[in-house]
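The opening residue of the sequence shown carries number 1 in full-length UniProt numbering; numbering runs sequentially from there. Where a beta carbon is used, it is the ideal one built from N, C-alpha and C, also for glycine. Computed from a predicted structure; not experimentally measured.
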Amino acid sequence: MEVSARIEATIEGADCSFPLTAGRLFRIGRHADNDVVLKTHAASRHHATIQGDGVGHFHLFDARSSNGTLLNGRVLTGGERLRDGDLVEIGGQQFCFRQSALEVGKRDDSASEHTQFLVSRDLVTVMVVDICDFTGLSRRIGETRIGGLVSDLFRTSGEVLDGNGCWAKKYIGDAVMAVWRHREPVLEPMHLALLLRIFAEFLLLSRDLVVRHALGEPIRMRMALNAGYAATGNMGSAGTADFTAMGDTVNKAFRLEGGAKALGADVLIAADMIGLIHPRLPAGSIPDSIDLPLKGYDAPEPVHVMSYAQAGALARAILASGRGD
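Right, dumping it as structure tokens:
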């Protein structure tokens, strides 16, 4: 079925139309890297996204913006499917969603409500980042302050992830899970360098949070990385989309984060993920793997344990080698 979808708006006196493509994330916000750039401080740098689900439907997501996103006059609280004629308001700018196709975009959804969402098996990388000693920090600064801290962390980290090609993200407790989907059966070295750079940005964000919330103590963060195949797609309902990945690759990433906690490590990378990288990493750029017992797994898992400094050095070595260009 051929689907034609777009958003229309009058921006600075000019009538504009922006085409939407299934499988491509469409970004709206103040930053110059968005598909629609809004020149108003009422809009966040990365304010909202629109994503097609592969079966002709498009879903609107708020990217944890400061002022929220309105859909037909109400605040958007999760991902929602757009229908022809829907009005979206971002930072005071109004957009109209238009869609025309055979049996798509009609207001009578008696048949389409039962359509199964497309779920596929893809190679993914999974990043899990959380705050060290979160329970202790919560007790020391109190519920109100920790709530504001985590809200700030999720908002700012979400902007970083959205700006670096993250396909899906979730916030669980104090942890952030981010997923990247890949079309090829191997990973490029530069992708690992990207993930390490993102973590470095998170560490800078944590320093800003210490100052902003007057904590009087540093925030330490740890990261676990895994890669492999997973079921990906919209696991939500027709009304509320939930793009995510499921399977052992995702489960193991969270187990690895628990392993990093047990070891007191800054960064943990599954050896399976390193094995998927081609061309190979520069010789001597990553520590040898160790076998780490993981809860729920019969055999120990080979992992690479790294400090902040070693992770930074690995990213620099990949960039210097020029591999993955």
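What number of angstroms, rounded off, separates the C-alpha of residue i from the C-alpha of residue j?
i: A230; j: A265; result: 26 Å
i: L203; j: F95; result: 36 Å
i: V124; j: V250; result: 9 Å
i: residue 326; j: G275; result: The requested residue 326 does not occur in the structure, where the chain is confined to residues 1 to 325.
i: G23; j: W167; result: 10 Å
i: H31; j: L70; result: 19 Å
i: V176; j: G163; result: 15 Å
i: S17; j: R81; result: 19 Å
i: R98; j: R181; result: 28 Å
i: T244; j: T232; result: 6 Å
i: V210; j: E217; result: 7 Å
i: K295; j: R121; result: 25 Å
i: E159; j: S151; result: 13 Å
i: R74; j: D291; result: 51 Å
i: G322; j: R27; result: 30 Å
i: G258; j: Q310; result: 20 Å
i: L227; j: G136; result: First, the residue type needs correcting, since residue 227 is Ala and not Leu in the sequence shown. One C-alpha to the other measures close to 31 Å.
i: A299; j: P293; result: 7 Å
i: E201; j: A178; result: 14 Å
So if DSSP puts residue i in a beta bridge, which residue, or which two residues, is it bridged to?
i: H41; result: In DSSP, H41 forms no bridge with anything.
i: R6; result: P19, R98
i: G259; result: Partner(s): none; G259 has no beta bridge.
i: Q93; result: I90
i: L82; result: F58
i: H304; result: I269
i: D298; result: D298 pairs with nothing; no bridge assigned.
i: A48; result: I28, D62
i: L71; result: R74, V88
i: R121; result: A231
So, residue i versus residue j, is the Cβ gap smaller than 9 Å?
i: A262; j: M223; result: no
i: M246; j: L192; result: no
i: I277; j: V186; result: yes
i: N67; j: D86; result: no
i: D29; j: H41; result: The identity of residue 29 in the sequence shown is Gly, whereas the question assumes Asp. Their beta carbons are not under 9 Å apart, which means G29 does not touch H41 by this criterion.
i: L20; j: A5; result: yes
i: R281; j: A317; result: Rather than Arg, the amino acid found at residue 281 in this sequence is Leu. A contact, by the Cβ cut-off of 9 Å.
i: I90; j: L25; result: no
i: H59; j: G79; result: yes
i: L225; j: L268; result: yes
i: S285; j: A271; result: no
i: F199; j: D174; result: no
i: M221; j: I131; result: yes
i: I50; j: I11; result: no
i: H62; j: L76; result: Correcting the residue type first, residue 62 is Asp in the shown sequence and not His. Against a cut-off of 9 Å, the Cβ pair of L76 and D62 comes out as a contact.
i: H213; j: R145; result: yes
Worksheet item: Is there contact between the segment 143-160 and the segment 298-312, where contact requires at least three CB pairs shorter than 8 Å?
Response: no
Worksheet item: Unbroken beta strand (DSSP E) runs of length 3 or more, entirely within the UniProt domain "Guanylate cyclase" (125-257): which are they?
Response: 168-172, 175-182, 221-234, 243-246
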